[in-house]
Amino acid sequence: MPLVNMKPLLRDAMDNGYAVAAFNLVDYGTTKAMVKAAEELNAPVICQTSAKTIQYWSHKEIVSWVRTAAEDSPVPVVLHLDHCKDLAMIEECAKAGWTSIMIDASEFPFEKNLEMSLRVREIAEKYGVGMEAELGQIMGVEDDMVVAEEDSVLTDPDDAKKFCDALDLSAFACAVGTAHGYYKGEPKVDFDRIQRINELTKTPMALHGGTGLSDETFAKAIARGAAKINISTNLKHVFVESFVKYHEAKPNDYEPLRLIDAQYQACKAMFADFIEKFGGKDRAQPYLAKAA
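Each residue of the sequence shown is one higher than the last, beginning at 13 in the working numbering.
If you want it as structure tokens, here you go:
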């Protein structure tokens, strides 16, 4: 089926107590594995792209992968631009076929962040795509962006309401104690803050920094309004380690397709695991029936 807009999908997730898994694709193999895992579980899925992935492969290649994987699929698939600071790249993605775009101006003061986000709101409306924006500074490493723990700023719920009221977002990314990358200690997720922000904004929350969180943490966050959960670091490790492990186990096998398939199967299993954890199983057809 054609790629879908993220906004109504995340609203359905928030209203029905589940979250849509969002994975940062690496190549066509991981894209195909995401969609196949979603199909096997009758679940929606979000294929995300980082700015540096687009710079490496190009807009044209990436959109062709996701469209190819999704065109014969019976489940909803979103193509989303993750953390982007470049307004030109954001518009190019919307123009090229992405169905959701994210502006990350979170390092700026509130008014500057809102000003830039409103400009992206115009782009989203121009191309009819969903939009995510971020308020507060999420610690850790995302692509080449680094936010130290002492520099992280948790999102103020009242500011969150002002921000979301002005933007009509598909997803709201905020700092609630999670972190990009692997956790070095026990994450201190502020569940009361998650609940308060969602009560005030009534906007589906995008929980960044999902890799390494416990099943209990996911369940508590989803129950309080997290409707989109991002997984990137975990995919990077499985992508590399599955390839290496296969070669170590069979050092004389130089048939590339067997190595690639081992990598594909490992990634697909990981995607399926997270989709189930987030409650996405068997949510695709009820959503599509309601949206029809």
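The beta-carbon is built from N, C-alpha and C at its ideal position, and this holds for glycine as well.
Going by CA-CA distance only, name the one from the options that's closest to residue i.
i	options	result
lysine 173	Thr190, Val188, Leu147 and Ala191	Leu147
tyrosine 258	Leu271, Tyr266 and Ile115	Leu271
phenylalanine 290	Tyr266, Leu219, Tyr276 and Asp98	Leu219
alanine 274	Glu288, Ile287, Arg295 and Val252	Val252
valine 47	Asn264, Ala281, Trp69 and Phe175	Ala281
alanine 82	Glu288, Cys96, Lys64 and Thr43	Thr43
tyrosine 139	Glu123, Thr111 and Ala117	Thr111
isoleucine 58	Phe35, Glu51, Asp39 and Ile66	Phe35
alanine 25	Ser118, Ile74, Val250 and Arg236	Arg236
valine 132	Asn264, Val89, Leu179 and Ala304	Leu179
methionine 217	Phe184, Lys97 and Cys176	Phe184
lysine 64	Gly221, Ala49, Ala45 and Lys97	Lys97
asparagine 125	Glu103, Leu99, Ala233 and Glu137	Leu99
asparagine 242	Leu225, Ser254 and Lys302	Leu225
threonine 61	Lys232, Ile102, Arg23 and Asn28	Ile102
glutamate 134	Val38, Leu181 and Ala231	Leu181
isoleucine 287	Ala49, Arg205, Ala301 and Val90	Ala49
alanine 136	Lys232, Val201, His92 and Ala45	His92
Determine the burial state of residue i: buried for a count of at least 16 other Cβ atoms within 10 Å of its Cβ, exposed for fewer.
i	result
glutamate 144	buried
proline 86	exposed
tyrosine 266	exposed
lysine 19	buried
valine 256	exposed
threonine 306	With the chain running from 13 to 304 in the structure shown, residue 306 is simply not present.
aspartate 94	buried
lysine 240	buried
threonine 215	buried
threonine 80	exposed
asparagine 264	exposed
alanine 304	exposed
leucine 247	buried
leucine 130	exposed
serine 70	exposed
histidine 249	exposed
glutamate 127	exposed
What whole-angstrom Cβ distance do residue i and residue j have, given they're in contact under 8 Å?
i	j	result
proline 268	isoleucine 209	With 8 Å as the limit, proline 268 and isoleucine 209 do not qualify as a contact, their Cβ atoms being about 47 Å apart.
cysteine 105	isoleucine 113	6 Å
valine 307	leucine 15	Examination of residue 307 is not possible in this model, given that the chain is present from 13 through 304 alone.
glycine 142	asparagine 17	5 Å
tyrosine 30	glycine 292	6 Å
glutamine 149	serine 118	6 Å
glutamine 277	asparagine 54	Their Cβ separation, rounded to whole angstroms, is 20 Å, which puts glutamine 277 and asparagine 54 out of contact at 8 Å.
threonine 213	proline 199	That belief does not hold up - the Cβ atoms of threonine 213 and proline 199 are roughly 22 Å apart, past 8 Å.
valine 32	proline 56	5 Å
phenylalanine 9	aspartate 171	Absent from the structure is residue 9, since the part of the chain shown begins at 13 and ends at 304.
threonine 223	threonine 245	4 Å
Per DSSP, what kind of secondary structure is residue i in: helix, strand or coil?
i	result
asparagine 17	coil
valine 252	helix
lysine 240	strand
serine 112	strand
alanine 274	helix
glycine 152	Because the pLDDT of glycine 152 is 47, which lies under 50, any placement of that residue in the model is unreliable, and the question is left without a value.
asparagine 36	strand
leucine 179	helix
glycine 41	helix
isoleucine 75	According to the sequence shown, residue 75 is valine rather than isoleucine. Of the three classes helix, strand and coil, the one that applies to valine 75 here is helix, per DSSP.
alanine 82	helix
alanine 191	strand
valine 165	strand
Note the first and the last residue of the continuous beta strand (DSSP E) segment covering residue i.
i	result
leucine 93	89-93
cysteine 59	57-61
alanine 185	183-186
alanine 145	142-147
If you follow the alpha helix (DSSP H) that residue i is part of, which residue opens it and which one closes it?
i	result
serine 129	122-139
alanine 218	Per DSSP, alanine 218 belongs to no alpha helix (DSSP H); it is in the beta strand (DSSP E), 217-219.
phenylalanine 3	Residue 3 is absent from the structure shown; the chain starts at 13 and stops at 304.
asparagine 264	Element bounds for asparagine 264: n/a, residue is neither H nor E.
asparagine 210	203-213
tyrosine 299	296-303
Return yes when the C-beta of residue i is under 7 Å from any heavy atom of the ligand FAD, and no when it is not.
i	result
alanine 25	This structure lacks the ligand FAD, and indeed carries no ligand of any kind.
Does residue i get closer than 8 Å to chain C when you measure Cβ to Cβ?
i	result
leucine 93	Absent here is chain C; the protein component of the structure consists of one chain.
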